[in-house]
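Trainee: Before we start, here is the structure in question, set down as C-alpha cells.
There are 2 protein chains.
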Amino acid sequence: MAKRPTSADIARAAGVSKGAVSYALNGQPGVSEATRERILAIAAEMGFRPNLAARALNGASAGTIGLALCRPARVLGVEPFFMELISGIEAALAERSYGLTLQVVPDHAAEIAVYRRWSAERRVDGVLIVDLHRNDDRIDVIRELQLPAVVIAGPGDFGGLPQVWSDDAAAVTEAVEYLCALGHRTITRVGGMPELLHTEIRTRAFAEVCERLGVQHAVTVPADYTAEEGSRVTRRVLSAPGRPTALIYDNDLMAVAGLAVAQEMGIAVPGELSIVAWDDSMLCRIVHPPLTALSRDVPAYGTHAAHRLLELIATGTTTSLEDVAAHLVPRGSTATISSVRPD
Amino acid sequence: MAKRPTSADIARAAGVSKGAVSYALNGQPGVSEATRERILAIAAEMGFRPNLAARALNGASAGTIGLALCRPARVLGVEPFFMELISGIEAALAERSYGLTLQVVPDHAAEIAVYRRWSAERRVDGVLIVDLHRNDDRIDVIRELQLPAVVIAGPGDFGGLPQVWSDDAAAVTEAVEYLCALGHRTITRVGGMPELLHTEIRTRAFAEVCERLGVQHAVTVPADYTAEEGSRVTRRVLSAPGRPTALIYDNDLMAVAGLAVAQEMGIAVPGELSIVAWDDSMLCRIVHPPLTALSRDVPAYGTHAAHRLLELIATGTTTSLEDVAAHLVPRGSTATISSVRPD
DNA sequence: CTGAAAGCGCTTACAG
DNA sequence: CTGAAAGCGCTTACAG
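In order, the protein sequences belong to chains A and B.
The first sequence begins at 1 in the UniProt record's numbering and counts up one residue at a time.
The second sequence begins at 1 in the UniProt record's numbering and counts up one residue at a time.
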C-alpha cells in the first residue's frame, strides 16, 4: 500500500506551498478561488486526509468528546437509558464527524483521574457529565482543567457549567396526581441512589405532592436501579402489613422486576396494585400488562446535550436547556383502586 | 491555570535534554538509573503528561480502538448484547489506558467510510468488527487500509483476520436436543437477520440437528432482533394451524416479546409452549416464567476480543480464539410436552 | 551514558 | 494573493 499523502505531497503536485494547501483545505482566505479549487481537486484525487495528530499539535480540536460512565457494567448492559442516551449523542456527533470516547469507571475518583488524563493528553475536546451529586466533586476538577463540559442534570448550580435537564419534579407530580385521581391513597416509590441529584429532586417532589393531595402513606425506598434490588425491595414492600396500592419506580428495569414479584406473590396488577415506571423503554411494553410509564425521548435528550457541547467547544459559550419533561403514558398497569378493593 | 508543562520544561527543571526526558519516561535505555529516577520524580511533581498528539505524530499509537455498530439506535438502546460486549471491551482497554471510540452507522457503506476516515486520520490503532456477513465487503477495505482488526465472528475465513468466536452450532444443537428429550417434535426458530453469518450458522445447525432427531416441523422464521418483530412473528406462528410446541429465539429481546404474545393469546408457558432464548441477560430472569436460555459470558467475549486486538496492535500478530460456547440454562419456560398435551 | 539536531505533518504569522 | 519559515511537543537516530 502506498504511503498516505501529506500536505507536502499535495503542495508539490499542485505546485504551491504547504501553507496554500492548508488555507485551501480549511476554507481560509489566502488563496485565490481558482487555486483553491485546483488544490481541492488534487487533494481529493490523491485521497488526502489531514493527519489528525498534526492538527491537534497546532491546537486544533481532537474531534472527540468524552463520556465517563460510573455505573457497574452489569447495570449498563441491561438498563436502556444509557444506551439510548449514547445513541442520541452519536446522532449529534455524526453530523460533525465527531467521535465519542467512552470510559466506564468504578467511582468518582477514577472518573476524575480520567478527566485529568483526557485533558492532559488532549484526547477529548470536551465532556458530557451525568449522574450529578449534590456538591459534586467532579465539577471543581472540570473547572480547574478548563475542560468544556455540559452537565446532563438539573436544575441546579454546577459551578456555572451549562446544563441540559428536564423537570423531574413535574413528572413525578403528574404521576402521583394521576394515581390519586384513580383513588390511590397509599403510594410507595422505589427510588434510585439517594446521592444522585435527580433522585433527591424526585424524592422531594414526591413528598410534596403526596402531602398536598393527602396521600396517607407516601414512602420512598432507596434502591440502585438494578433488577435484583427492584425485586428485593418490592418483595419487602408488598410483604409488609398495610401494603401500598400503587408503586412508582425510578427506572423501568426495577419496575419490570417489581411486576414479576407482584405476579409471583399472586397480587393482581392492576387489580390490586398499580405500577408506574420511570423511563419508558421497550421493557415497559413487552411485559404483561404493559407498564404505565413516565416517558421521555432519551435519545433526543442526548442529542441536545451533545449539540450544546459542540457549540461550547466551537464558540466558547453555550446556553442551558430545559428539555421537555417526562409525561405520563397510561397503559395496563394502572387502574382505579375502588373497583377491586373498595375502602 | 498554569500552562501544562512540556517535556522541555521537565528537561530544563532536571537539567537534562528533552531526549533524556523521553527515554526516562518511556523506560528506554539511554539514561542512567539515577537520572531516570530524578526525571521521573520531577515529571510527577510538575504533573507532566505527554501530549498525545505529539506522540502520535511520531508514529506512536493513538491509544484508542474503534468500534462501529451497524444497528438501528432503537435496537442498541434495548438489546443488552452490545452494551454487555462494550462493558467487556472497556474492561480490557482500561488495563492499558486505552480508549474506545464508538460510532453508530446506518449501513456498511457508511461503516466503510468510517474505517477510511479513522485510518487516514490515525484516530484509532485498530478496530473490532462485528456482525459479519458472508463475503463481507468490509474485510477487503480493512485489509487495504492495513488497519489492525479482530473479527468477532466465526468460524470462517475473513481474509486472514484473527477472529474471536464461539460455537453457535453446538449451542443450538444442545437446545434442540434438550427440547427433543422433553418430547417436542415441532419446533420453530425465530432467527436473526439472514444475511448475518452467525444467523446462517445457527440456521444450518438447527436444520441438521432437527433432521437427525426427527423433528417433524423445523422451521426458521427470519426476524430482525427487535421486540416488535419478535411479537409479530410469534403471533403469526402461534396463530397458524399445527402450531409448534417449542420456540427458539435468536436473542433475548424477541424471546421476551414472544412470551408476552403467548400469554396474551392464552397459551400456557411452559404447559403448552416451551421457549428458549439466545443470550441470557437480566431480561430472561425478570419475566414470568423466567426463560430457559443459551447463556454465555458476553462481557468476557468482548474482553477476549479486545485483548487480542491490543496484542495485534502491540506486536503485529495475534491468534484467533474459540471462546466457550453458549450453554443451556434451563428455567421455567421449558417443560415436557407430554404432560399437558399427550400426543 | 548524555546532548544537540532533525523530523513527524500540519497551521499560522510574516514577508514579498 | 502567494511563498518561505517557524513552531506545536514529542521521538529517535546521530555524535560526543
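All residues carry an ideal CB built from backbone N, CA and C; glycine is no exception.
All of these numbers come straight from a predicted model, not from anything done at the bench.
1. Drop a sphere of 10 angstroms on the beta-carbon of residue 87 of chain A, count the other beta-carbons inside from all chains shown, and report buried for 16 or more, exposed for fewer.
2. Which residue spans inside the stretch 167-194 of chain B form an unbroken beta strand (DSSP E) run of at least 3?
3. Quick one: what's got a C-beta closer than 6 Å to residue 189 of chain A's C-beta in the same chain, skipping five residues either side?
4. Closest Cβ-Cβ distance between residue 1 of chain B and chain A: below 8 Å?
5. Does the separation of the CB atoms of residue 105 of chain A and residue 129 of chain A fall below 8 Å?
6. How many angstroms separate the CA atom of residue 147 of chain B from the CA atom of residue 127 of chain B?
7. Smallest Cα separation from residue 230 of chain B: which of B:292, B:309, B:254?
8. Taking only the alpha-carbon atoms, compute the straight-line gap between residue 5 of chain B and residue 118 of chain A and give it to the nearest angstrom.
9. Along the stretch 21-51 of chain A, what residues have a CB closer than 9 Å to any CB found in chain B?
10. Measure the C-alpha to C-alpha separation of residue 165 of chain B and residue 270 of chain A and round it to an integer number of angstroms.
11. For the putative contact between residue 43 of chain A and residue 10 of chain A, defined by C-beta atoms under 8 Å, what is the C-beta separation to the nearest angstrom?
12. Residues in its own chain within less than 6 Å of residue 36 of chain A by CB, not counting five upstream and five downstream?
13. Considering only residues of the same chain and omitting the five flanking positions on each side of residue 243 of chain A, which have a CB-CB separation below 7 Å?
14. Report the three-state DSSP secondary structure of residue 362 of chain A (helix, strand or coil).
15. Under 7 Å between beta-carbons, which chain B residues line up against residue 309 of chain A? List them in chain order, please.
16. If contact means a Cβ-Cβ distance below 8 Å, which residues of the stretch 81-98 of chain B contact chain A?
17. Who does residue 28 of chain A pair with in a DSSP beta bridge?
18. With DSSP collapsed to three states, give me the class of residue 43 of chain B.
19. Once DSSP output is grouped into helix, strand and coil, what is the label at residue 66 of chain A?
20. So what's residue 286 of chain A in DSSP terms, helix, strand or just coil?
21. At which residues does the alpha helix (DSSP H) containing residue 149 of chain B begin and terminate?
22. Unbroken alpha helix (DSSP H) runs of length 4 or more, entirely within the stretch 292-319 of chain A: which are they?
23. Output needed for residue 124 of chain A: all residues of its chain with C-beta closer than 7 Å, excluding positions within five of it in sequence on either side, in chain order.
24. Which residues in chain A sit within 7 Å of residue 286 of chain B, going by Cβ to Cβ distance?
25. Give a yes or no on whether the minimum CB-CB distance between residue 186 of chain A and chain B is below 8 Å.
26. Label residue 103 of chain A either buried or exposed according to how many other C-beta atoms from any shown protein chain fall within 10 Å of its C-beta, with 16 as the threshold for buried.
27. Got a sec? Which residues, its chain only, sit under 8 Å from residue 96 of chain A by beta carbon, not counting five neighbours each side?
28. Which residue's Cα is closest to the Cα of residue 260 of chain B: A:285, A:278, A:293, A:257?
29. Could you tell me which of A:19, A:272, A:225, A:323 sits nearest to residue 278 of chain A, measuring between CA atoms?
30. Rounded to whole angstroms, what is the Cα-Cα separation between residue 288 of chain A and residue 264 of chain B?
Mentor: Checking against the coordinates, here is how it stands:
1. buried
2. 186-191
3. 206, 220, 248
4. With a pLDDT of 38 at residue 1 of chain B, under the threshold of 50, the modelled position of that residue is not reliable, and no figure is offered here.
5. no
6. Residue 147 of chain B and residue 127 of chain B: Cα-Cα distance of roughly 7 Å.
7. B:254
8. 15 Å
9. 47, 48, 49, 50, 51
10. 45 Å
11. 5 Å
12. Excluding sequence neighbours, residue 36 of chain A sits near 24.
13. 237
14. Residue coverage of chain A in this structure runs from 1 to 343, which leaves residue 362 of chain A outside it and unanswerable.
15. Simply none; closest approach about 16 Å.
16. Within the stretch 81-98 of chain B, contact with chain A at the beta-carbon level (separation under 8 Å) is assigned to 82, 83, 84, 86, 87, 88, 90, 91, 94, 97.
17. Note: residue 28 of chain A sits in no beta bridge, so no partner.
18. helix
19. strand
20. helix
21. First-last for residue 149 of chain B: 149-152, but that is the beta strand (DSSP E), not the alpha helix (DSSP H).
22. 298-315
23. 62, 64, 65, 66, 101, 118
24. 227, 256, 257, 260
25. no
26. buried
27. 310
28. A:285 is the residue among A:285, A:278, A:293, A:257 whose C-alpha sits nearest the C-alpha of residue 260 of chain B.
29. A:225
30. Straight across, the Cα-Cα distance linking residue 288 of chain A with residue 264 of chain B is about 8 Å.
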